[in-house]
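Asks: Protein chains in written order, with the numbering used here: chain U, 747 to 1391; chain Z, 10 to 306. The C-beta atom is built at its ideal place from N, Cα and C for all residues, glycine as well. Please read these numbers as outputs of a predicted model, since none were measured by experiment. Once you've had a glance at the structure underneath, I'll fire off some questions.
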């Protein structure tokens, strides 16, 4: 008989962003039990993590085990002892021929365990092994740890409760409805579970909650600024989501859109609304965790909160204008950049110097000088995520040229690999200098990332540098601005590889081959990679790459350490032919030489013995092969290419 | 419409019915209700405790001369400690909102992740900010550590922002317009405080004097902590040792630090160091207190 299974872990509100990961972990742990099951489904709301499955057996199948006893010739007492240990009589034993002779054996039958017993034993451990980024204890210091307190558990196999206890909570068949709209205790069966939740204002499926939000918004008849990650947050912050629309005073539209959207999105979790022309409209959409707002109490409450927040922002915006950015540079002495690296004033001085070294003009230097000043403004103290953007907006309002204010506005970009780089060269230079300064400083005082620990987001900073150099087409020698720190150089090499592999999708061996030929100028490296990618599928390329690998091995085995090449040692035929081809190809682009070079190389290896008996001839051949490798040294190291041959 | 004081009466009555001692505000300046001995020290050790009190909480840097409708130098927190936290603690909390007249079926309530940490107290916990129609009305924390000590018993701390809650209930856009008692607004009672303390904290507090006071209070706390009996044999001396007065000195330091900070008198390099100095004292008191309570049993 096959049985359906239901596990619901009922908790207090789990942080929304941790839920998808927790479900994945629960699914993997259940699979690790190796109990046959079909149609495994994982669902969650803020208050419950749920695993359902069908087709579990009532018990695992019986198994047999052949137990090997003493040899047939053994003392009868030993045979009896063996039988007694198994709980059978000596007559029940069989005799089997093995490779070492005849032995007594016994076929022991193992009864399959009942699945309900296995689950009762294993589920508590599985629940506590679900991984969360942060956990707590609540029953006491030595008690279990989980993301939030566990308050109930439903565990059913077919019609039976799987009995166990965790953190003083017994498993059972009672779930809980929505905190305000549903019943606190709801009896369920495996069959009616989802329906009973629905009756109690809990929509179990995240997909269904998502579409309820989307349909609700569509019914409001407004156009939203698309925000998939906010939608995801709201899906996991609610059990019964219902969107409502509110309005705010159009006067607030004088404030920069960036500020208004940040207040709505980050602080209030509202969607912004736009009009037909894509401009911000004086409206917002909030998503409630309840069914309706018939008296408009919720709408009015949210409108008041937003009004207060916007008033604050306007107050800060106006107060901050009283002191220009340029007059705030000195105040940066009071803002710590990092305890070991001093204040932001010191950082500013370094960034200005670095921008100048990178070739920045007066605009770039001005932007570098002002770029951190917004850290002293009230608006940035209140809305930290707007650093840079606010500085740019103030600089614009204070009459700084476009080049300058836009560079300040953009200088934290790119904040992720999906983000764009600063819009023009001035911004790119300031962003590079800021990030390079942070990296150089942190590495100098021993704060390089270790393993998964990267508290200063240095990987992201280095990744940003790489992205700006490549996508901004900036021919700046990266190693020369790194400042001669070998650890940082190695760190950057990893970031360069990561960028071209993971962000740009080049294969790892192409990246290794191209990087081996140098990576100081990243747009140039990119150009080589694109060419390499193009010639790779041509029929002669991989065989030639395989030959290059062979040449490298030969040189290594011969411990070749240089030596003059003398054309007079060349034998006519394949060797001379190859030499002539090498000479001919020296001035040609690689795309043009592969086709002609490959057969000459093949023929050379086919007909000519590199390890010639005459040491002078051998040395000369090695020198020629070395010359061949050297010819492509500035393009790529083809021996890094992984070939099938 | 419930007045500010009516709402406070109702919340106190609600928690009194649930077994809480109703305490009066602590009489030393603090930045938050958590810092009062009724929370900071009582959460240590295994003894159950339940207490509720309104604590005027001073945050010098948040002063706005009475000009900002939502920001105050001194606001009032209702602080509730339930140790150990009951299984239905969230339901009890929601019940308290109903008790002040909020029909939760008509409103939107959400629990959004917000973990609390106070570096100067060596304290942190896990919890939420409670959002009512988009307004943060409470902070809900399961304490995990206090004074650098992992807690034996986990207390729930509920902190209500009373001005915000009242403005919500009275539908007022400015805190100064809320009715404190019939015939008196919040502004009537508190506007002078806000103005005068802002002037003092931002303009007139004398930095040298405050530093001297800081050093004096720090010295007194450190002197007492150094004198706390180390040996288990000195049980009588331990039991009567004045740790509560030592803690008052720590609170004085903390408030002076906040005032100096709002005055812009703490430089980058000093800042981390001063926080460490306060933390060291707070942790010292907490450890001695845990020892004193342990040896009293």
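At a CB-CB cut-off below 7 Å, which residues of chain Z make contact with residue 1286 (chain U)?
Replies: For the purposes of this step, residue 1286 (chain U) is identified with residue 540 of the first chain, where counting begins at 1. Ordered by position in chain Z, no residue passes the 7 Å Cβ test against residue 1286 (chain U), which lies about 59 Å from the chain.
Asks: Starting from residue 155 (chain Z), follow its DSSP beta bridges and name the residues at the other end.
Replies: Taking the second chain and counting its residues from 1, the one referred to as residue 155 (chain Z) is at position 146. DSSP output for residue 155 (chain Z) lists Z:158 as bridge partner(s).
Asks: CA-CA distance, residue 852 (chain U) and residue 822 (chain U)?
Replies: Position 106 of the first chain, counting from 1, holds the residue named residue 852 (chain U). Position 76 of the first chain, counting from 1, holds the residue named residue 822 (chain U). Taking the straight line joining both Cα atoms gives about 16 Å.
Asks: Could you work out which residue in U:1278, U:1176, U:1140 is closest to residue 1002 (chain U) when comparing CA atoms only?
Replies: Translated into the one-based positions of the first chain, residue 1002 (chain U) becomes position 256. Nearest option by C-alpha distance: U:1140.
Asks: Pull the bridge partners of residue 760 (chain U) from the DSSP assignment, please.
Replies: Counting from one through the first chain, the residue named residue 760 (chain U) turns up at place 14. Paired residues: none, contrary to the question.
Asks: Give the secondary structure of residue 35 (chain Z) by DSSP, where H, G and I count as helix, E and B as strand, and everything else as coil.
Replies: Here residue 35 (chain Z) refers to the residue found at position 26 when the second chain is read from its first residue. In the structure shown, residue 35 (chain Z) sits in coil (DSSP, three-state: anything other than H, G, I, E or B).
Asks: Using only CA atoms, which one of Z:304, Z:173, Z:209, Z:133 lies nearest to residue 242 (chain Z)?
Replies: As a working note, residue 242 (chain Z) is residue 233 in the second chain. For residue 242 (chain Z), the nearest C-alpha among the options comes from Z:304.
Asks: Since residue 1205 (chain U) and residue 1241 (chain U) are thought to touch, with beta carbons under 8 Å apart, how far apart are those beta carbons, to the nearest angstrom?
Replies: Residue mapping note: residue 1205 (chain U) aligns to position 459 of the first chain, counting from 1. Residue mapping note: residue 1241 (chain U) aligns to position 495 of the first chain, counting from 1. Going by Cβ atoms, the distance from residue 1205 (chain U) to residue 1241 (chain U) rounds to 7 Å, so yes, they are a contact pair.
Asks: Helix, strand or coil for residue 1312 (chain U), going by three-state DSSP, please let me know.
Replies: Numbered from 1 along the first chain, position 566 holds the residue referred to as residue 1312 (chain U). Three-state result, residue 1312 (chain U): coil.
Asks: For residue 1259 (chain U) and residue 1386 (chain U), which I take to be in contact (beta-carbon distance under 8 Å), what is that distance rounded to the nearest angstrom?
Replies: Translated into the one-based positions of the first chain, residue 1259 (chain U) becomes position 513. Translated into the one-based positions of the first chain, residue 1386 (chain U) becomes position 640. Contact holds; Cβ gap of about 4 Å.
Asks: Report the rounded CA-to-CA distance for residue 1308 (chain U) versus residue 1335 (chain U), giving the unit in angstroms.
Replies: For this step, residue 1308 (chain U) is matched to residue 562 along the first chain. For this step, residue 1335 (chain U) is matched to residue 589 along the first chain. Roughly 26 Å between the two C-alpha positions.
Asks: Taking the continuous beta strand (DSSP E) assigned at residue 137 (chain Z), which residues delimit it?
Replies: Within the second chain, numbered from 1, the residue matching residue 137 (chain Z) stands at position 128. Per DSSP, residue 137 (chain Z) belongs to the beta strand (DSSP E) from 132 to 141.
Asks: Can you check whether the CB of residue 752 (chain U) is closer than 7 Å to the CB of residue 932 (chain U)?
Replies: As a first step, residue 932 (chain U) must be located in the first chain, where it is residue number 186. As a first step, residue 752 (chain U) must be located in the first chain, where it is residue number 6. Not closer than 7 Å, so no.
Asks: Tell me, please, which residues DSSP counts as bridged to residue 1227 (chain U).
Replies: Along the first chain, one-based indexing puts residue 1227 (chain U) at 481. In DSSP, residue 1227 (chain U) forms no bridge with anything.
Asks: Can you tell me which residues form a DSSP beta bridge with residue 1032 (chain U)?
Replies: Locating residue 1032 (chain U) in the first chain gives position 286, counting from the first residue. Bridge partners of residue 1032 (chain U): U:990.
Asks: I'd like to know if residue 911 (chain U) contacts chain Z, where contact means its C-beta is closer than 7 Å to some C-beta of that chain.
Replies: Counting from one through the first chain, the residue named residue 911 (chain U) turns up at place 165. No - not a single Cβ of chain Z is within 7 Å of the one on residue 911 (chain U).
Asks: Where in the stretch 1208 to 1258 of chain U do unbroken runs of the alpha helix (DSSP H), each at least 4 residues long, occur, reported from the N-terminal end onward?
Replies: Counting only runs of 4 or more, we get 1224 to 1228, 1232 to 1244.
Asks: So what does DSSP say about residue 906 (chain U), is it helix, strand or coil?
Replies: Residue mapping note: residue 906 (chain U) aligns to position 160 of the first chain, counting from 1. Strand, per DSSP.
Asks: Which residues in the same chain have their Cβ closer than 7 Å to the Cβ of residue 812 (chain U), if we skip the five residues on either side of it in sequence?
Replies: By one-based count along the first chain, residue 812 (chain U) stands at place 66. Cβ within range, chain order: 851, 853.
Asks: Can you confirm whether residue 269 (chain Z), when its beta carbon is compared against all beta carbons of chain U, has any partner nearer than 7 Å?
Replies: Translated into the one-based positions of the second chain, residue 269 (chain Z) becomes position 260. Output row for residue 269 (chain Z): interface = no.
Asks: Would you report the Cα separation of residue 296 (chain Z) and residue 179 (chain Z), rounded to the nearest angstrom?
Replies: To locate residue 296 (chain Z), count along the second chain from 1; it is residue 287. To locate residue 179 (chain Z), count along the second chain from 1; it is residue 170. Whole-angstrom Cα-Cα distance: 44 Å.
Asks: Which of the three DSSP states is assigned to residue 835 (chain U) in this structure?
Replies: Taking the first residue of the first chain as 1, we reach residue 835 (chain U) at position 89. The answer is coil: DSSP assigns residue 835 (chain U) none of H, G, I, E or B.
Asks: Looking at C-alpha atoms only, which residue of U:769, U:1301, U:1097 is the closest neighbour of residue 1110 (chain U)?
Replies: Position 364 of the first chain, counted from the first residue, corresponds to residue 1110 (chain U). Checked all of U:769, U:1301, U:1097; the closest Cα to residue 1110 (chain U) is U:1097.
Asks: Using the Cα positions of residue 1239 (chain U) and residue 1268 (chain U), report the straight-line distance between them to the nearest angstrom.
Replies: Within the first chain, the letter at position 493 stands for residue 1239 (chain U). Within the first chain, the letter at position 522 stands for residue 1268 (chain U). One C-alpha to the other measures close to 11 Å.
Asks: Tell me which residue opens and which closes the alpha helix (DSSP H) that residue 1171 (chain U) is part of.
Replies: Counting from 1 along the first chain, the entry for residue 1171 (chain U) is found at position 425. Here the alpha helix (DSSP H) through residue 1171 (chain U) covers 1171 to 1190.
Asks: Alpha carbon to alpha carbon, how far is residue 1018 (chain U) from residue 998 (chain U)?
Replies: For the purposes of this step, residue 1018 (chain U) is identified with residue 272 of the first chain, where counting begins at 1. For the purposes of this step, residue 998 (chain U) is identified with residue 252 of the first chain, where counting begins at 1. Rounded to whole angstroms, residue 1018 (chain U) to residue 998 (chain U) spans 14 Å at the Cα level.
Asks: Can you check whether the C-beta of residue 143 (chain Z) is within less than 7 Å of a C-beta belonging to chain U?
Replies: For this step, residue 143 (chain Z) is matched to residue 134 along the second chain. Interface residue, yes.
Asks: Once DSSP output is grouped into helix, strand and coil, what is the label at residue 223 (chain Z)?
Replies: The residue you call residue 223 (chain Z) lines up with position 214 of the second chain. DSSP places residue 223 (chain Z) in helix when its eight states are reduced to three.
Asks: If contacts are defined as beta-carbon pairs under 8 Å, then residue 64 (chain Z) and residue 42 (chain Z) qualify, I think. What distance do you get, rounded to the angstrom?
Replies: Numbered from its first residue, the second chain carries residue 64 (chain Z) at position 55. Numbered from its first residue, the second chain carries residue 42 (chain Z) at position 33. Going by Cβ atoms, the distance from residue 64 (chain Z) to residue 42 (chain Z) rounds to 4 Å, so yes, they are a contact pair.
Asks: Hey, how far is the Cα of residue 971 (chain U) from the Cα of residue 1020 (chain U)?
Replies: Here the question's residue 971 (chain U) lines up with position 225 in the first chain. Here the question's residue 1020 (chain U) lines up with position 274 in the first chain. Whole-angstrom Cα-Cα distance: 6 Å.
Asks: Does the stretch 912 to 932 of chain U come close enough to the stretch 942 to 962 of chain U that 3 or more CB-CB pairs lie under 8 Å?
Replies: Yes, they touch.
Asks: Answer yes or no: do residue 116 (chain Z) and residue 142 (chain Z) have a C-beta to C-beta separation smaller than 7 Å?
Replies: Residue numbering aside, residue 116 (chain Z) sits at position 107 when the second chain is read from its first letter. Residue numbering aside, residue 142 (chain Z) sits at position 133 when the second chain is read from its first letter. Yes, the pair counts as a contact, with Cβ atoms nearer than the cut-off.
Asks: Quick one: which unbroken alpha helix (DSSP H) runs of 4-plus residues sit fully inside the stretch 1306 to 1350 of chain U? Chain order, please.
Replies: Those alpha helix (DSSP H) runs which fall completely within the stretch 1306 to 1350 of chain U and span 4+ residues are 1320 to 1331.
Asks: Could you name each continuous alpha helix (DSSP H) segment of 4 residues or more that falls completely within the stretch 822 to 906 of chain U, going from the start of the chain to the end?
Replies: As far as the stretch 822 to 906 of chain U is concerned, its whole alpha helix (DSSP H) runs of at least 4 residues are 822 to 832, 861 to 875.
Asks: Check the C-beta distance from residue 235 (chain Z) over to residue 255 (chain Z) and give it rounded, since I have them as a contact under 8 Å.
Replies: The count along the second chain starts at 1 and reaches residue 235 (chain Z) at position 226. The count along the second chain starts at 1 and reaches residue 255 (chain Z) at position 246. Not really, about 10 Å apart at Cβ, beyond 8 Å.
Asks: Reducing DSSP to helix, strand and coil, say where residue 4 (chain Z) ends up.
Replies: This structure cannot settle anything about residue 4 (chain Z), because the visible part of chain Z is limited to 10 through 306.
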